[in-house]
Structures are given as C-alpha cells and as structure tokens.
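Colleague: Sharing a structure, written as structure tokens. Questions coming.
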Amino acid sequence: MQSKVDIAVMIGSAVPASLRAVGQSVCWVVLLNGERRGTAFSSRDEAQECRAAWLAQLSAEAPDSLH
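Taking numbering that gives the first Met the number 0, the leading residue of the sequence shown gets 0, the next gets one more, and so forth.
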C-alpha cells in the first residue's frame with residue numbers, strides 16, 4: 000500500500016489553544032493517509048521538515064511503496 004503524506008493548514012478555532020494563547024491564528028499539521036500525525040506547527044517550514052522525515056521513514060521501511 001502506498002502511503003500519502005500531506006501538510007494541512009488549520010485556521011482560527013481549529014488552532015490548538017496553546018498556540019492561540021500566544022497569538023497564533025494559523026498552524027500547520029502533517030497528515031499520514033489523511034490522519035493527523037504529531038503536533039501542530041507554527042510555521043509551514045517546520046511542517047515540511049516533519050513531512051520529509053515521515054517520507055524518509057516510510058521509504059526506509061518499504062523502499063518500493065513510494066515509487
């Protein structure tokens with residue numbers, strides 16, 4: 000089975016309270032096959048780094064699954 004790793008943006012009330020408390024009204028999350036994995040990130044760059052780590056891990060586990 001091929002896994003899909005995406006980044007989604009969350010806005011407003013969907014942003015976790017801990018980030019809203021420090022004035023963040025937007026955050027990004029990593030989705031693995033449509034399910035959220037890990038924490039909410041305050042920058043898209045952080046989420047992209049996490050996505051890259053997921054892709055590397057999945058590639059190492061099943062070399063042919065992402066091609």
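Cβ coordinates follow ideal geometry from the N, Cα and C atoms, glycine included.
Would you list the residues sitting across from Ala-7 in a DSSP beta bridge?
Modeller: DSSP, once it has assigned bridges, lists Val-28 as partnering Ala-7.
Colleague: What residue does the alpha helix (DSSP H) around Ala-16 start on, and which one ends it?
Modeller: 16-19 is the span of the alpha helix (DSSP H), which, as asked, contains Ala-16.
Colleague: Can you tell me whether Trp-53 is helix, strand or coil according to DSSP?
Modeller: It is helical.
Colleague: Look at the alpha carbon of Val-130 and the alpha carbon of Ser-41, and state the distance between them as a whole number of angstroms.
Modeller: With the chain covering only 0 through 66, there is no way to say anything about residue 130.
Colleague: Tell me the rounded alpha-carbon separation between Gln-47 and Ala-20.
Modeller: Spanning the two alpha carbons is a distance of roughly 24 Å.
Colleague: I need the DSSP call for Ala-39, collapsed to helix, strand or coil.
Modeller: Strand.
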